[in-house]
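One structure below.
In the numbering used here, the protein residues as written are 203 to 547.
Listed below in C-alpha cells is the structure:
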C-alpha cells in the first residue's frame, strides 16, 4: 500500500530558474511481510532517484541521483539541507530566505563552463534541496596523491584554478572551501571544475547568530586550506587565494597542509627547504599564503596576474652532479633546474 500527498507551488525567479516548494508526506510501502519501509529517501519529489550517498556533514547530505523525468535519466548531484525543526519559526524562515538567495547566486555562476549548472532548487518536508550538474572525472585530491608536480605543472595548475576562481570573485562571492577534493578534472575535456561552494553549509552560522546564548562563530572551510581570518568567521576573497596557494605548495612538496611546518615566530608556512623552485614562483606562493591578509593578493584576479607573469618557455636541464634518490627524498624535482629559453627578437 502506498500513502502519498503532494502539493506543488511553483515560482519563477528573475534568473530563469524555477523554485519548487513541495508539501508532502512520505511515500510509504508495505512489503509481503507487512513490514513498513520508507522510499522517501530514495525518490525525491517523485523525480530524483537516489543512487548513492556522496558525502555528509553537519546539516547536509549530498547524493548522486538520476532525473527520472528526462530522457536517458541523466545523473545529477542532489544536495539536501535539513532545516532544524526545533528552531523557532522566524529562524527557520531566515534559513529558507538565505537558501533561496544562495541558490540564485549558484544559478548565476552555473552559466560558466567550469562551474556546475544549477538545474533546480526546492523544499520538501522541511528539507531544502539543490539539483546540480554531475561532473564526471577525478578530483584533484586523487590526481595529486603520491605525486610531485614539476614547477611548470604547478604554474599551469595555479593558472587553471585561479581562472575559474576569478569568475567567482567577479560576483563578489567567496567559495570558502577550496581544496583539491573540490576541484574535478572533467573527463571529457580535462578542464578543472570548481564544486561544493561553502555557502551551502552556512546554516550553522545562521543558527549561531540567532542564538543569544552563544557568542562564538562557526567557520566554514577545511583546516589547512583555511586562513586565520576565515577560521575566525570573517572570510574574504583573499581567503580563497590562500587556499589556492596551499594547493600549489602541496603539489610541489607532496605534503598536505597538516604535514607542513609553520614558523613559530611569524606563523608563516615553512616549505622552501622541502623543494627546489625558482625564486619567482616561491615569491608568488608566499604572497598567496601570507598570514596577514593585508599582505596577500586581494583576489584571484590579482594573483592570476602574478602567476601569468611566470609563464615563459623553459627547458629542463638535468643536474650534472649525481644525486642518489632515496625514499626519504622529499622531492624528485631536486634532480632538475629550470633555465629560461632565450626570447625571440
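Built from N, CA and C at the ideal position, the CB exists for glycine as well.
Helix, strand or coil: how does DSSP classify residue i here?
i           : result
residue 313 : coil
residue 349 : coil
residue 259 : strand
residue 500 : coil
residue 322 : strand
residue 427 : coil
residue 393 : coil
residue 298 : helix
residue 247 : coil
residue 231 : Note on residue 231: pLDDT 36, under 50, position unreliable in the model; the coordinate value appears next. In this structure, residue 231 counts as strand in the three-state DSSP scheme.
residue 438 : coil
residue 485 : helix
residue 416 : Only weak support exists for where residue 416 lies, its pLDDT of 48 falling under 50; the value from the coordinates is given anyway. In the structure shown, residue 416 sits in coil (DSSP, three-state: anything other than H, G, I, E or B).
residue 455 : helix
residue 289 : coil
residue 372 : coil
residue 190 : There is no way to answer for residue 190, as the model of the chain reaches only from 203 to 547.
residue 433 : helix
residue 367 : helix
Let me check one thing: in DSSP terms, what residues is residue i bridge-paired to?
i           : result
residue 277 : 268
residue 471 : 464
residue 339 : 388
residue 254 : 266
residue 333 : 280 and 322
Exposed or buried, what is residue i when buried is set at 16 or more other beta-carbons lying within 10 Å of its beta-carbon?
i           : result
residue 421 : buried
residue 513 : exposed
residue 373 : exposed
residue 459 : buried
residue 278 : buried
residue 272 : exposed
residue 450 : buried
Find the nearest neighbour of residue i within the set the options, judged by alpha-carbon distance.
i           : options               : result
residue 264 : 254, 272 and 270      : 254
residue 286 : 277, 349, 298 and 276 : 298
residue 258 : 337, 250, 249 and 283 : 283
residue 446 : 359, 493, 471 and 388 : 359
residue 365 : 462, 423, 320 and 395 : 395
residue 318 : 309, 325, 324 and 326 : 309
residue 336 : 330, 461, 327 and 312 : 312
residue 468 : 397, 493, 461 and 393 : 493
residue 305 : 453, 321, 437 and 470 : 321
residue 491 : 479, 472 and 480      : 472
residue 348 : 377, 498, 455 and 497 : 455
residue 498 : 449, 481, 438 and 262 : 438
residue 384 : 281, 356 and 398      : 398
residue 453 : 343, 277, 441 and 256 : 343
residue 314 : 351, 251, 393 and 324 : 393
residue 465 : 488, 424 and 480      : 488
Taking 7 Å as the cut-off, is the C-beta of residue i nearer than that to any heavy atom in the ligand GDP?
i           : result
residue 376 : No copy of the ligand GDP occurs in the structure displayed, which carries no ligand at all.
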